Amino acid sequence: MSPTPLPPVPYHASALRPSWPALPAALRAAIADRLGAPVVTARVAGAGFTRGFAAVLATADGGRAFVKAASAVEQPHLVDSYAREAAILDRLPAGLPAPRPRWTRYEAGWFVLCTDAVDGHTPRLPWAPAELDATLTGYAEIAAALADPPAGLAALGLPDLADLARSDILWWEEVAAGREPPPALPEPVRGRLPELVALESRLPGYAAGATGLTHGDLRVDNILIDADGRAWFCDWTWACHGPAWFDLAGLLLTAYASGLDADRIFAAHPVAAGAPPDALDATLAALAGYFLTGASAAPPTASPHLPAHQLWSGEQALDWLAHRQGWR
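Letter by letter, the sequence shown follows residues 1 to 328 of full-length UniProt numbering.
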């Protein structure tokens, strides 16, 4: 096995979203009214794996805003996600590199979330050292601020990663029990199912009891690098109570695929301090199972590029784990 430097679909072009003119006229009029001026341009976001509307809107008076919108009839799961994200963003500590919320609105059967627009680009792959450093620094800042979450955030009753891991990530256990079809595995990993089950089963215990909050979905498509080189962290829908090193491991799949020393980067990051010695291995095993089994069952409401992304991500997690375990 050897890592593939680039995913089959670039992270900045992974979404399939409606255009601004495709939205209902009443919805467009309501958004423009709330923004205070007619919308003159709409730059649709290319990153992400949903079919929800998301774009930077520029208005006739020179204003700019980032707007997400989803239909309550066709995309109720996205409506719930955007509403949850709005509540989280509104309660994040001030000063963090995350978009600030402006307003929400329900109009014409659609839910709308408006935030400040971040003028930036999705990190380039293979990772540029300066952009990876900025991302790692920014995440350290976020993790430190959320190690003791503000009361408002805690009051939202966000889920625990340990519970999510038990219900959503123990996929090798499902494969071993015959409840999930086994994904195709490369030669060095065939016959390693018992080890994969044992490793992933440790994750819930390692995550249990974490009081801090983690982003929960830290991927390249949820990061923007601005003109000053600062990293901004977007899409907070899946924030949960858990160890920040879980997010770091997921983020570094792309660093591993870029040919970087991901082991060293993980160990040197502040959020890895105090992590169990095999926390990274447990996380990689769980992520590999999650992505590889999910690649064959992507929901029709997701981007058509999601299965390819999941397959690639699962392969990187498995390759990295195999390298660390000496299976190759």
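Cβ coordinates follow ideal geometry from the N, Cα and C atoms, glycine included.
The model shown is predicted, which means the values in this text are computed figures rather than measured ones.
- In the three-state reduction of the DSSP assignment, residue 324 falls in the helix class.
- Nearest Cα to residue 104 within the set 238, 294, 74, 70: 70.
- Taken through DSSP and simplified to helix, strand or coil, residue 215 comes out as coil.
- By the Cβ rule, the segment 16-24 counts as touching the segment 44-56, because three or more pairs are nearer than 8 Å.
- Contact check for residue 285 against residue 172 passes: the beta carbons are separated by less than 8 Å.
- The shortest C-alpha to C-alpha distance from residue 115 to any of 257, 90, 124 is the one to 90.
- Around the beta carbon of residue 289, a 10 Å sphere encloses 16 or more other beta carbons of the protein chains shown; the residue is thus reported as buried.
- Leaving aside the five residues that flank residue 216 on each side, the residues in its chain whose CB is nearer than 6 Å to its CB run, in chain order, 238, 239, 240.
- Distances from the CA of residue 252 to each of 24, 321, 301, 41 were compared; the closest alpha carbon is that of 321.
- Within the same chain, 97, 98, 99, 118, 120, 138, 223, 224, 225, 226 come within 8 Å of residue 232 by CB-CB distance, once the 5 residues on both sides are set aside.
- Rounded to the nearest angstrom, the gap between the Cα atoms of residue 230 and residue 141 is 12 Å.
- Taking a cut-off of 8 Å on C-beta distances, the segment 121-129 touches the segment 257-267, as three or more cross pairs fall below it.
- Cβ contact annotation for residue 197 (same chain, cutoff 7 Å, sequence separation greater than five): 172, 173, 176, in chain order.
- With respect to residue 47, residue 82 sits apart: the two C-beta atoms are not nearer than 8 Å.
- According to DSSP, residue pairing for residue 71 in a beta bridge involves 110.
- Between the C-alpha atoms of residue 43 and residue 78 there is a straight-line separation of about 20 Å.
- In this chain, residue 226 is not harboured by any alpha helix (DSSP H); it is covered by the beta strand (DSSP E) spanning 223-226.
- Rounded to whole angstroms, the gap between the alpha carbons of residue 309 and residue 319 is 15 Å.
- Between the alpha carbons of residue 228 and residue 221 lies a distance of about 19 Å.
- Taking C-alpha positions only, residue 37 is separated from residue 157 by approximately 37 Å.
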